[in-house]
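As C-alpha cells, the structure follows; a few thoughts come after it.
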Amino acid sequence: MDKLNRCRRWGLATAYFLLAGTGVARAEFPEKPITLLVPFAAGGPSDKIARELAESLRKRLDKTVIVENLGGAGGTLGAAKVATASPDGYTLLIHHIGFATAPTLYRKLPYKGIDDFAYLGLINEAPSTLIGRNSLPAKNFAELRRWIAADPTKVNLAHAGVGSASQLCGLMIQSALKAEMTSVPYKGTGPAMTDLMGGTVDLMCEQATNAVPQIEGGKVRAFAVTSKDRMKHPVLASLPTLAESGLPDFSVTVWHGLYAPKNTPGPVLAKLNEALRGALKDPELIKRQEALGITVVSDARVEPAAHKKFVEAEVARWAKVIQAAGAYAD
Ligand code: MLT
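To convert, note that position 248 of the sequence shown is 248 in the numbering used here; the numbers rise steadily by one, no gaps.
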C-alpha cells in the first residue's frame with residue numbers, strides 16, 4: 001500500500017472514531033425496537049400509561065416500542081433490570097413515586113439508587129383513590145372507619161408490594177387510623193384489582209387510571225380520593241378527600257417519569273426527550289389521560305434537570321415519612 005493510501009485509511013478511521021465519540025455515529029438512533037419496561041404486572045395503572053406512551057413514542061421515533069412487564073418487590077426488580085441494561089437508549093424504564101421511595105424503604109436495593117439512571121422527564125400526576133369490594137358492609141368512609149376499627153387485622157389490604165404507590169398510600173392510611181391491617185402483596189395492582197372485584201380482598205389504594213373505569217362500572221366501591229383537593233373528574237367529583245374525612249393533611253398523589261440507564265449518550269437522551277415532549281403534547285393522549293383523572297405535566301417538567309430535581313426532593317420528602325413510620329423492607 002503506498003503512503004498516500006495509508007494516510008487516507010488512517011484519516012477515515014480517525015474520523016470514524018471521532019464521530020463515534022461525539023455521538024454523531026449514533027445519529028441514526030433508534031435503529032431497532034425500544035423496550036419500555038414497566039416494573040409492575042400488566043393491567044395496572046403503570047402498565048396502562050406505558051402502553052399509551054409507547055404508541056405515542058412509536059409515532060415520533062418511527063420504531064416499535066415494546067412494553068415489557070417485570071413486577072415484584074414494589075418495582076425494584078424492574079428498575080434493577082434497566083439500571084444494569086446496556087446504556088444505549090434501547091431499554092427504558094417508566095416508574096412512579098416508588099422510584100423515589102424505594103431508596104429509603106429498602107435496606108438492600110438490587111441497584112445502587114436514583115443515580116443509576118439518566119432522567120428523561122416527568123410524565124404525569126395521578127391521584128389515588130381508596131376503594132373496596134362491593135360486598136363491604138360500609139357504604140362511606142365514616143362507616144368504613146368504624147368497620148376497620150372493630151378488627152383491623154381482619155381487613156385485607158391489597159397492594160403492589162413494598163415500595164409500590166398502593167402500599168405507601170395504604171401505610172399512610174393505617175398510620176393515620178392507627179390500625180394495622182393484613183397486608184396482601186401482589187406484583188401490581190392489575191392482578192390485585194381482579195381480586196378486589198372478586199371480593200377476595202377488602203381494600204386497596206389505587207391510582208385513578210385503574211380505579212375510574214371500575215368505579216364507573218360499579219365493580220368496586222369508592223370511599224375517598226387521597227389527593228389534597230377534591231377531583232373535578234365526573235366519576236371522582238362526589239368523593240371526599242381523606243383529609244376532609246378526618247385524616248388531617250392526608251395527601252398522596254402518584255407521578256410517573258421516564259428513565260434510561262446512566263451513561264446513555266447525550267444525543268440519544270436528547271432524541272428520547274424530544275419524543276417524550278412531543279408525546280405529552282399529543283391532544284389524543286392528553287384527552288385519554290384526562291378521561292382517567294390524570295394530568296399530563298407541563299412541558300417545563302418534561303425536562304431532565306427539572307425531573308431529577310423533583311425526584312431528589314421527593315426522595316427527601318418521603319424519607320421523613322418512611323423514617324417516622326419505621327416502615328422498612330429487607
Ligand atoms: C401498578 O401499575 O401495578 C401500580 O402502579 C402499582 C402500585 O401500586 O404502585
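C-beta atoms are modelled at their ideal positions from N, C-alpha and C, and glycine is treated no differently.
Leaving out five residues before and five after residue i in sequence, what residues of the same chain have Cβ atoms less than 8 Å from its Cβ?
| i | result |
| --- | --- |
| Leu109 | Thr76, Ala80, Ala102, Pro103 |
| Asp47 | Val38, Phe40, Ala41, Val67, Asn69, Gly188, Gly190 |
| Leu12 | Because the pLDDT at Leu12 is just 39, under 50, the model does not fix this residue reliably, and the value given afterwards should be weighed accordingly. For Leu12, where only same-chain residues beyond five positions count, there are no Cβ hits under 8 Å. |
| Asp299 | Arg277, Leu280, Lys281 |
| Leu239 | Thr129, Ala222, Phe223, Ala224, Val225, Arg230, Met231 |
| Arg288 | Glu52 |
| Ala237 | Arg230, Met231 |
| Val321 | Met172 |
Please tell me whether residue i and residue j are closer than 8 Å, where the distance is taken between their beta carbons.
| i | j | result |
| --- | --- | --- |
| Ala126 | Pro45 | yes |
| Ile215 | Leu177 | no |
| His96 | Ala138 | no |
| Val89 | Leu272 | One point to set straight first is that residue 89 is Gly, not Val, in the sequence displayed. For Gly89 and Leu272, yes; Cβs fall inside 8 Å. |
| Lys32 | Lys63 | yes |
| Glu52 | Leu285 | yes |
| Val65 | Tyr259 | no |
| Ala73 | Trp318 | no |
| Val315 | Ile114 | yes |
| Ala211 | Thr129 | yes |
| Asn263 | Pro87 | yes |
| Val235 | Cys169 | no |
| Gly218 | Pro185 | no |
| Met181 | Pro213 | no |
| Val220 | Asn134 | yes |
| Leu269 | Leu120 | yes |
| Ala275 | Leu93 | no |
| Phe141 | Ser245 | yes |
Round the Cβ separation of residue i and residue j to the nearest angstrom and send it over; I've been treating them as touching at under 8 Å.
| i | j | result |
| --- | --- | --- |
| Gly326 | Phe223 | Gly326 to Phe223, Cβ: 26 Å. No contact. |
| Ala118 | Pro261 | 7 Å |
| Met197 | Glu206 | Actually they are not in contact, since the Cβ atoms of Met197 and Glu206 sit about 11 Å apart, beyond 8 Å. |
| Tyr111 | Gly163 | Contact doesn't hold; Cβ gap of about 12 Å is too wide. |
| Thr91 | Thr35 | 5 Å |
Might you give, ordered along the chain, the residues of its own chain that have their beta carbon closer than 6 Å to the beta carbon of residue i, omitting 5 neighbours on each side?
| i | result |
| --- | --- |
| Phe17 | Its pLDDT being 38, under 50, Phe17 is placed unreliably in this model, and the coordinates cannot settle the point. |
| Leu203 | Gly132, Leu157 |
Ordered along the chain, which non-local residues of its own chain (more than five positions away) have a Cβ less than 7 Å from that of residue i?
| i | result |
| --- | --- |
| Thr209 | Pro45, Lys48, Ile49, Ala126, Leu292, Ile294 |
| Leu122 | Trp255, Gly257, Val297, Arg301, Val302, His307, Phe310 |
| Ser183 | Leu157, His159 |
| Ser175 | Ala325 |
Could you give the residue range of the alpha helix (DSSP H) that holds residue i?
| i | result |
| --- | --- |
| Glu303 | Element bounds for Glu303: n/a, residue is neither H nor E. |
| Ala211 | 208-216 |
| Leu105 | 98-105 |
| Thr76 | 76-83 |
Along the chain, where does the beta strand (DSSP E) containing residue i start, and where does it finish?
| i | result |
| --- | --- |
| Arg221 | 220-225 |
| Glu55 | It is not in any beta strand (DSSP E) - Glu55 instead sits in the alpha helix (DSSP H) that spans 45-61. |
| Thr35 | 34-38 |
| Ile66 | 65-69 |
*Curious, which full-length alpha helix (DSSP H) runs of at least 4 residues does the region 144-200 contain?*
Inside the region 144-200, DSSP marks whole alpha helix (DSSP H) runs of 4 or more residues at positions 165-177, 189-198, from first to last along the chain.
*At what residue ranges does the region 109-150 contain a whole run of the alpha helix (DSSP H), taking only runs of 4 or more?*
With a minimum length of 4 residues, the continuous alpha helix (DSSP H) runs that stay inside the region 109-150 are 141-150.
*Complete beta strand (DSSP E) runs within the region 223-288 (minimum length 3 residues, chain order)*: Taking only runs of at least 3 residues, the beta strand (DSSP E) segments lying wholly in the region 223-288 are 253-261.
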